[in-house]
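Numbering (our numbering), first residue to last: 868 to 1118. Worksheet: one structure, shown below.
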C-alpha cells in the first residue's frame, strides 16, 4: 500500500493471451496517475519499443520452444523519492504451435508408381508438381527436384515441405552387329553403359550364337546407380550362307 500517497500509480496490462508461434503479441497498458512505462520479458523475444504504449512483442526461439513467456509492465513513481511507489503488472503469453510430421520420400524413377504422401496431423492439404490429393506421380512431376508442401488449418495453421527427387532412366545403346552367318562362332554382345543383362533367343551370358537363319531381337537391360532401369534392343539377321565375310561390329 502506498501509505501517504495521495495519487498512487496503478497499471493494468489485461488478461493473459494465447497466440500461435510466429504471431506478434499486442500489448496495451492502462495506467493511472503516471505516464511513464517500461516493458520487460522473462524470455528472449524483442519489443518494438520498451517504452511505447501500445507496444508489440515478438517471441524469441526459446519462448516458442518453451511455449510460454511472461511480460511485465512497470510504471515508476512519478514523484521520484516521494511517498508513492512504482506500479507493476504482468501477463502470461501461451504460445501454441502445430508440429507437422511429413514423411520423407526416397528418390523415384520417372517411370515409378504413384506414391501416397503421409503427414500428420491429418486433414491438411498437399501441393506441388505431380500432386493430386495425397498422391505424387513422378511421371506427371517430371525429372528433377520437386518441393512438396503440406498445409494445415485450425487454430494455429502450419506448413512443412519436403523435396522429392525424380531421376531419369538410363539410355543404353547396344553395339550393332551385321554380316552374321549361320554357324558363325558365338558373338560377344556389348553395350553402354556396361553392367547390364542381355536377353533374347540364342543369347546366353552375353553371347549370341547364330545357329539358325532368321532375324532375332536382342534385348539389353541395365540398372543405374539410382535404381532406375533402362531397356533397349536391336535385331540381328543370321544368313544361311557359306560365310566368307567375317562378322563385323559397327561402332
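Don't be surprised by glycine CBs; every beta carbon is placed ideally from N, CA and C.
Between residue 1086 and residue 1066 a beta carbon distance of about 5 Å is seen, short of the 8 Å cut, so the two are scored as contacting.
Under the rule that a run must span 3 or more residues, the beta strand (DSSP E) segments found entirely inside the stretch 878–942 read 884–887, 892–894, 897–899, 905–908, 922–925 and 935–942. Exclusion of the five residues before and after residue 1037 leaves 1060, 1089, 1090, 1091, 1095, 1096 and 1097 as the residues of its chain whose Cβ lies within less than 8 Å of its Cβ. Taking residue 906 as reference, the option from 1009, 951 and 958 with the minimal CA-CA separation is 958. DSSP places residue 1096 in the uninterrupted beta strand (DSSP E) bounded by 1096–1106. When DSSP states are grouped into helix, strand and coil, residue 1058 belongs to the strand group. Counting C-beta pairs with one atom in each stretch, the stretch 1015–1033 and the stretch 974–987 have three or more that are closer than 8 Å, which means they touch. Relative to the Cα of residue 1023, the nearest Cα in the group 963, 1108 and 990 belongs to 963.
For the pair residue 1054 and residue 1075, the CB atoms are nearer than the 7 Å cut-off.
Residues 1048 of the same chain have their beta carbon placed closer than 8 Å to that of residue 1109, with the five preceding and five following residues left out of the count.
Taken in chain order, the unbroken stretches of beta strand (DSSP E) that lie wholly in the stretch 940–995 and span 3 residues or more are 954–963 and 992–994. In the three-state reduction of the DSSP assignment, residue 1007 falls in the helix class, which pools H, G and I. For residue 876, no pairing in a beta bridge is given by DSSP. Taking all protein chains shown into account, residue 942 has 16 or more neighbouring C-beta atoms within 10 Å of its C-beta and is therefore buried.
Annotated three-state conformation of residue 1069 is coil, per DSSP. Look at residue 1023 here: in three-state DSSP terms it is coil, with no helix or strand label. A distance below 8 Å between beta-carbons, with the five flanking residues on each side excluded, links residue 1093 to the following residues of its chain, in chain order: 974, 976 and 1034.
With a 10 Å radius around the Cβ and a threshold of 16 neighbouring Cβ atoms, residue 1063 comes out buried.
In the structure shown, residue 1042 adopts coil according to DSSP, grouped into three states. Take the alpha-carbon of residue 938 and the one of residue 988: they are about 31 Å apart. When secondary structure is reduced to three states using DSSP, residue 1063 falls in the coil class, being assigned neither helix nor strand. Pairing residue 878 with residue 898, the inter-Cα distance amounts to about 4 Å.
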